[in-house]
Amino acid sequence: MPKNKLISSVKVNELFNDFSYEYGYDPSDYANELARLISIWEEQGYIEVYQISQDRAYGKIKSSELDGNGHFIYQYCGLYHARIIYNEHDPLLVVKFVKEPKNPQLEYVSMRFISDHEQLFGTIQDKFNRNSLTINCSNRGSLV
Amino acid sequence: MLESKLEFIPIERNPKKKFNVVMIMAKQIKIDKDAALDLAKKYLTIGDRYVDISVVGKTVQEKAVSLGRIFNAQKQTDFQRQG
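From first to last, the protein sequence lines stand for chains A and B. So for the first sequence, the working numbering puts the first residue at 1; every next one is plus one. So for the second sequence, the working numbering puts the first residue at 145; every next one is plus one.
In structure tokens form, the structure reads like this:
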């Protein structure tokens, strides 16, 4: 069941351009699509957060903190992603909710960067395999 | 050491990268999945230390223009930072 998160506004992080380039995306190519998303969110004053694919729709966002099997990944806690282009799987807009400095009861949406499913979560095979991040088991524990 | 590598990421622009930079780093420094995910968390939260900029304009077109200006300004800043 999607939940509504109230928002006061949508802002762009100072590193949005840098991080998006890091993932291979030029934000200028998506200014119109991003503006459309911002308009939708600011006009309705909330964002719908969904967790299962059946609830997916343009303008809704998904929490990034669950893997393909629904397991909680604490390292991604607080991150959300949205599809930028209507009916397109990629690219994704990654956002966070930030408390308004002058009114902590309110939150605004902080746009962080553009990426895609494969770079954020790995391939479909990786996504459903929690061991896929294991690079060197023999070193496990030595550097953690 | 890991922190300094992470701090360097936003400055080192490379549009040709096809893989998650965290995974590349994990392979380079040979760490396991827990350490890789910790790196991911730090990488994804670096933006918390930086300012968020308001998008102005009432219509979609006006917001798109505002976004374009913000992105261009950020490109200039990035260019200056790389010297």
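Beta carbons: idealized from backbone N, C-alpha and C, even for Gly. Just so you know, these numbers come straight off a predicted model, no measurement behind them.
Would you verify that the beta carbon of B:Val200 is, or is not, closer than 8 Å to some beta carbon of chain A?
At a cut-off of 8 Å, the C-beta of B:Val200 has no neighbouring C-beta in chain A.
Between the C-alpha atoms of A:Ser20 and B:Gln218, what's the straight-line distance to the nearest angstrom?
If you draw a straight line from the Cα of A:Ser20 to the Cα of B:Gln218, it comes to about 11 Å.
To the nearest whole angstrom, what separates the beta carbons of A:Tyr86 and A:Ser64, a pair I think is in contact under 8 Å?
Wrong, their Cβ atoms sit about 21 Å apart, outside the cutoff.
Can you grab the Cα-Cα spacing for the pair A:Tyr108 / A:Pro101, in whole Å?
10 Å
Quick one: grab the DSSP three-state call for A:Asn32.
helix
So the candidates are A:Ser115, A:Gln119, A:Ile114 and A:Met1; which of them puts its Cα closest to the Cα of A:Val49?
A:Met1
Mind checking who B:Asp196 pairs with in its DSSP beta bridge?
A:Asn13
Return the bridge partner residues of A:Met111 from the DSSP annotation.
A:Val12 and A:Val95
If you run the structure through DSSP and keep just helix, strand and coil, what is A:Glu100?
strand
Can you list the residues of chain B that A:Pro2 reaches, using a CB-CB cut of under 8 Å?
Here the premise fails: no neighbours, minimum Cβ distance about 23 Å.
Which residues in the same chain have their Cβ closer than 6 Å to the Cβ of A:Asn17, if we skip the five residues on either side of it in sequence?
Pro27
Just verifying my parser: in three-state terms, what is the DSSP assignment at A:His81?
When DSSP states are grouped into helix, strand and coil, A:His81 belongs to the strand group.
For A:Glu33, collect the residues of the same chain with a Cβ closer than 7 Å to its Cβ; drop the 5 residues on either side in sequence, then sort them by chain order.
Closer than 7 Å at the Cβ level, and outside the excluded window around A:Glu33, lie Ile84 and Ile85.
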